[in-house]
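Taking UniProt numbering, the leading residue of the sequence shown gets 1, the next gets one more, and so forth.
Ideal placement from N, C-alpha and C gives every residue a C-beta, glycine not left out.
Small disclaimer: the values here were computed from a predicted structure and weren't measured.
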Amino acid sequence: MTTTALEGLTAADRCDRCGAQAYLRVTLHAGELLFCAHHAKAHSDRIKQVALTVHDETDKLN
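So this is what it looks like as structure tokens:
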């Protein structure tokens with residue numbers, strides 16, 4: 001897994017799990033998933049195992 005500095009996420013980008021604002025973009029072999037900070041944290045172990053790249057903007061919450 002690598003962390004990348006791709007195009008930034010916007011308020012229009014929504015979590016694929018709950019619809020909240022997305023702060024994490026995960027690239028997988030089959031495509032992309034977007035996660036809010038809550039679901040990114042809840043699934044962080046699995047994300048680290050399967051992600052090709054991760055674009056993390058959770059620092060915008062602080």
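Of the listed residues the options, nearest to residue i (C-alpha basis)
i, options, result
"Thr53", "Cys15, Gly19, Leu33 and Ala11", "Leu33"
"Ala42", "Ala30, Leu61 and Leu24", "Leu24"
"residue 72", "Ala20, Gly19 and Cys15", "The requested residue 72 is not part of the displayed model; the chain covers only 1 to 62."
Residue i to residue j span [Cα, whole Å]
i, j, result
"Arg17", "Ala11", "16 Å"
"Leu28", "Cys36", "17 Å"
"Ala22", "Asp13", "5 Å"
"Ile47", "Thr58", "15 Å"
"Gly19", "Gln49", "24 Å"
Residue i classed as buried or exposed, judged by whether at least 16 other C-beta atoms fall within 10 angstroms
i, result
"Ala30", "exposed"
"His55", "buried"
"His39", "buried"
Runs of beta strand (DSSP E) lying entirely within the UniProt domain "DUF7455" (9 to 61), each at least 3 residues, in chain order: 24 to 28, 31 to 35 and 53 to 56
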